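What follows is a single structure, written as structure tokens, with notes after it.
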Amino acid sequence: MKVIGIVGMPASGKGEASRIARDLGIPVVVMGDAIRERVKEAGLPPTDANFGAIAGKLRVDLGMDAIARITIPRIEATGAPVVLVDGIRGDYEVTVFKKHFADFTLVGIDSSFATRYQRLASRGRSDDSLTPEELRIRDRRELGWGLGRALEQADCRVTNEASLEEFAAEIRALLCRLGGIEE
């Protein structure tokens, strides 16, 4: 099984990369779904603060690689030859995936704070109603989980500062190359 991991700061383009993967027929496992499920089970509203609190608690209780370990069975359950994992947040998770999957490639997506904030303001998810300072706090929280170190380990990186069309074309070509898919 070929596993392609996606890592990037909030609103850098991970979700768009996942959409493109799905369009190519690549199954996508979103690590944040494990968090969303736990927030829902706890009866909490789906806010950034609640997602962050649950994710932090899982990491404290089960280790910094907890969400990767929770996600591995979901990846394997696809039974697909190529799977994309969206939402890697730390270097501990990268280590788990590299140990578990012999064919693991990490793709880093880079985007500036200003661009990411503009995207958050326009995309309308329940955890996106952040002020610039709240986004900085979210960034610091995720960097504290090892997100910056995970980005540094990326096997390849894509900058997402241009148009959606340009980013989509670059991601599509990269996923086709990595996944052995003809465009």
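Per our numbering, the sequence shown starts with residue 670, numbered consecutively. Quick reminder that beta carbons are idealized off the backbone N, C-alpha and C, glycines included. Only a predicted model underlies this, so the values are computations on that prediction, with no experimental measurement involved.
Under DSSP, no beta-bridge partner is assigned to residue 729. Counting along the chain, no alpha helix (DSSP H) covers residue 828; the unbroken beta strand (DSSP E) around it starts and ends at 825–828. If you look at residue 744, you'll find it in the alpha helix (DSSP H) that goes 735–746. Here residue 811 is buried: its Cβ has 16 or more other Cβ atoms, across all protein chains shown, within 10 Å. Looking only at 799, 822, 801 and 789, the smallest Cα-Cα distance to residue 777 is reached by 822. Membership of residue 770 in any beta strand (DSSP E) is not indicated, and neither H nor E is assigned to it by DSSP.
A distance below 7 angstroms separates the beta carbons of residue 788 and residue 680. Within the region 680–725, complete alpha helix (DSSP H) segments of at least 4 residues are found at 683–692 and 700–710, given in chain order. Rounded to whole angstroms, the Cβ separation of residue 750 and residue 670 is 6 angstroms, and the two are in contact under 8 angstroms.
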